[in-house]
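Numbering (mature numbering (1 follows the signal peptide of the UniProt record, and there is no 0)), first residue to last: -23 to -1, 1 to 414.
Beta carbons are placed, not taken as given, at the ideal position from N, Cα and C, and that holds for glycine.
Note that the structure is a prediction, hence the values are computed from the model and not measured.
Each remark here refers to the structure printed beneath this line.
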């Protein structure tokens, strides 16, 4: 049963601490709880400028319900139930379904979270099913249901502005899965019965199960400086070091320039699932994992908006899987990594060695109406030269409709080879309506 018993075990620990507690304190554990959530209705369309593959679309309504108990001597419980339904709108032809939205079935439901937590003023410990929020392991919440993890995590706060993180994950639930599985985004879509759509793939169905990951990290912020450092061990896939820092110059004029930089270094020996299965990422197999990435960003925060310009370079590595590709088991093909140049559809994680630059403008036209426009250019070794144009319209209602958000994300990808179907442009439109309560 692997580590699926983790949530039960930690819950039993909490139960043990409850015996002998005062009746009113025990009552508070359940009566001082909180419930919130979100209702979502998303409609995604993929339009291809080729007849080689059919256009695809998908509609889904979803509910995300979060429940947290009151606290008893620092202990509390939390749970999130997630469910999505196509209401019979899925096409009979799976090729015409945008399976990344909720898979190809008519419905999917799961426990997004089920954890026990201990918290005081300087630390928080959590065990069980949970959402993570780290640079390379997160919720990837651009579909109706976020990703979540069966994990033990800890956050320590040694000083103001300084946080230290530790986690060990065992299994995970992808954005389209109904349960927790020992796989990741390099596995086939239906590995061991999982309904994990939208990943990069590459491993065969005969591959050994994933053993999860562990990570250590730290973040610090003071005045205009923000920085973080992370070490990930994606067990049997890659070891990653990640550094990122930025500084905003507070001018008092309403125009505040900022600069930032990031660096990724990855390694892995031949005793690696990608190596032993001869996985040819971007057509290139390898005898080891090795990747080196750096990036810089700069721009200015302006009244009601900001302007960003970013650059990333992924070095070429002879003999490495994917020729030096970034190995990112929980973001690959999701396009949710922290690189400055990642677009809505994809980034350098999905295209391999090369370099990219991206310009983005964010502006609040009205207090509750935001427009984001971006252009990204990619020059890569195995996927050629391509560019993406992006437009994002976000309207947050207020008054009686406070909590309701109307959003439309649109991106068009052009150029490259073995990138878009038929090597023709690809337009992706996402209508996203949500209500937070």
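Buried or exposed (CB count within 10 angstroms, at least 16 for buried), residue i
i           : result
residue 102 : buried
residue 367 : buried
residue 414 : exposed
residue 246 : exposed
residue 296 : exposed
residue 394 : exposed
residue 213 : buried
residue 306 : buried
residue 280 : exposed
residue 318 : buried
residue 236 : exposed
residue 232 : exposed
residue 419 : Here the chain comprises residues numbered -23 to 414, so residue 419 is not present and cannot be evaluated.
residue 97  : exposed
Length of the line joining the Cα atoms of residue i and residue j
i           : j           : result
residue 130 : residue 193 : 10 Å
residue 374 : residue 345 : 7 Å
residue 315 : residue 325 : 11 Å
residue 406 : residue 200 : 38 Å
residue 185 : residue 250 : 8 Å
residue 260 : residue 266 : 15 Å
residue 72  : residue 208 : 39 Å
residue 391 : residue 167 : 30 Å
residue 340 : residue 63  : 33 Å
residue 380 : residue 20  : 19 Å
residue 353 : residue 6   : 50 Å
residue 183 : residue 226 : 53 Å
residue 36  : residue 50  : 44 Å
residue 109 : residue 149 : 11 Å
residue 181 : residue 165 : 7 Å
residue 388 : residue 23  : 10 Å
residue 327 : residue 127 : 26 Å
residue -3  : residue 95  : Here residue -3 scores only 46 on pLDDT, less than 50, and its place in the model should not be relied on; the value that follows carries that caveat. So the two alpha carbons sit approximately 16 Å from each other.
residue 302 : residue 133 : 33 Å
residue 196 : residue 138 : 8 Å
Reduced DSSP category for residue i - H, G, I as helix; E, B as strand; rest coil
i           : result
residue 169 : helix
residue 307 : coil
residue 400 : helix
residue 273 : strand
residue 29  : coil
residue 221 : strand
residue 202 : strand
residue 6   : helix
residue 333 : strand
residue 357 : strand
residue 252 : helix
residue 121 : coil
residue 379 : coil
residue 290 : strand
residue 98  : coil
residue 181 : coil
residue 300 : helix
residue 280 : coil
residue 409 : strand
residue 419 : A question about residue 419 goes unanswered here, because the residues of the chain that appear run from -23 up to 414.
Test: residue i CB closer than 8 Å to a CB of chain B
i           : result
residue 351 : In the displayed structure, chain B is absent; only one protein chain is listed.
Candidates the options: closest to residue i by CA position
i           : options            : result
residue 400 : 411, 386, 360      : 360
residue 310 : 228, 294, 133, 163 : 163
residue 135 : 253, 220, 198, 74  : 198
residue 264 : 370, 255, 8, 334   : 255
residue 68  : 82, 55, 61         : 82
residue 191 : 143, 293, 233      : 143
residue 408 : 78, 114, 57, 151   : 78
residue 321 : 282, 365, 356, 286 : 365
residue 145 : 85, 160, 398, 105  : 105
residue 59  : 120, 48, 34        : 120
residue 47  : 9, 277, 308        : 9
residue 397 : 203, 362, 376      : 362
residue 175 : 169, 161, 140, 188 : 161
residue 230 : 258, 55, 277, 223  : 277
residue 187 : 202, 355, 171, 221 : 171
residue 154 : 41, 291, 45, 122   : 122
residue 369 : 355, 376, 386      : 386
Nonlocal neighbours in the same chain, by C-beta distance under 7 Å from residue i, ignoring five residues either side
i           : result
residue 342 : 348
residue 378 : none
residue 358 : 293, 300, 329, 330, 331
Closer than 7 Å: residue i CB and nearest the ligand GDP heavy atom
i           : result
residue 335 : Annotation note on the ligand GDP: not contained in the displayed structure, which lists no ligands.
Beta-carbon proximity list for residue i, same chain, < 6 Å, skipping 5 on both sides
i           : result
residue 336 : 286, 352
residue 211 : 190, 306
residue 57  : 43, 89, 90
residue 338 : 284, 350
residue 116 : 108, 123, 124
Same chain, Cβ closer than 8 Å to residue i, five either side skipped, listed in chain order
i           : result
residue 410 : 17, 18, 19, 381, 382, 383, 384
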